[in-house]
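Report on one structure; see the data block that follows.
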Amino acid sequence: MLSLTLSSDQAICIGNDILIVFESVCESRQRVKIKTFAPKEVSIKRLEIYENRDRVEKDLKEYFTKIRRRRTGRITKKPYRYNRSESNKARIHFKKRRHLNIGVDN
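Our numbering puts the first residue of the sequence shown at 27, with every later residue one more than the last.
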C-alpha cells in the first residue's frame, strides 16, 4: 500500500519507465490532475490475475467503507458503486456519489 501526502509537482516512479506527476490537487484532496510519461510498451515481470473477482471486490468495498467511516464518522448503505468493463475484466473503476472517478489502468 502506498500512502501519499498529495501536493502539486509530486511524482511517482514505477520501475525505470513510468512516471506519474501530480499536476494539481484540489483543496479537498479528492480530485487530482495527473500527467503520465510512459513508453507505448512496457515489459512485465510479474502479472497478477485475480480469479475470485467477487472476493476481491468485497475486500475493496470493505476497505473503502472503512475509509468512509473514518472521514465522516458514519457509514452509508452504498458508499461506492462499481462499474465493470466487460471488455477488460481486470479494470475496476470506483465511482463515488460525488461523481469522482478514481481508478488505475493496468
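In this text, a Cβ means the ideal position worked out from N, Cα and C, and glycines have one as well.
Reduced DSSP secondary structure (H/G/I, E/B, other) of residue i
i	result
residue 59	strand
residue 51	strand
Within 7 angstroms, strictly: CB atoms of residue i and residue j
i	j	result
residue 34	residue 47	no
Same chain only: Cβ atoms within 7 angstroms of residue i, ignoring 5 sequence neighbours per side
i	result
residue 49	34, 59, 60, 61
residue 43	64, 65, 68
residue 54	none
Cβ neighbours of residue i in the same chain (closer than 8 angstroms, five flanking residues each side left out)
i	result
residue 45	37, 38, 39, 62, 63, 64
residue 69	none
residue 41	68
7 angstroms Cβ cutoff, residue i in contact with chain B
i	result
residue 34	Judged by its chain identifiers, the structure shown contains no chain B, having just a single protein chain.
Beta-carbon contacts of residue i that lie in its chain and below 6 angstroms, excluding the five residues immediately before and after
i	result
residue 78	none
Contact test: residue i Cβ vs the ligand HEM heavy atom, cutoff 6 angstroms
i	result
residue 57	This structure lacks the ligand HEM, and indeed carries no ligand of any kind.
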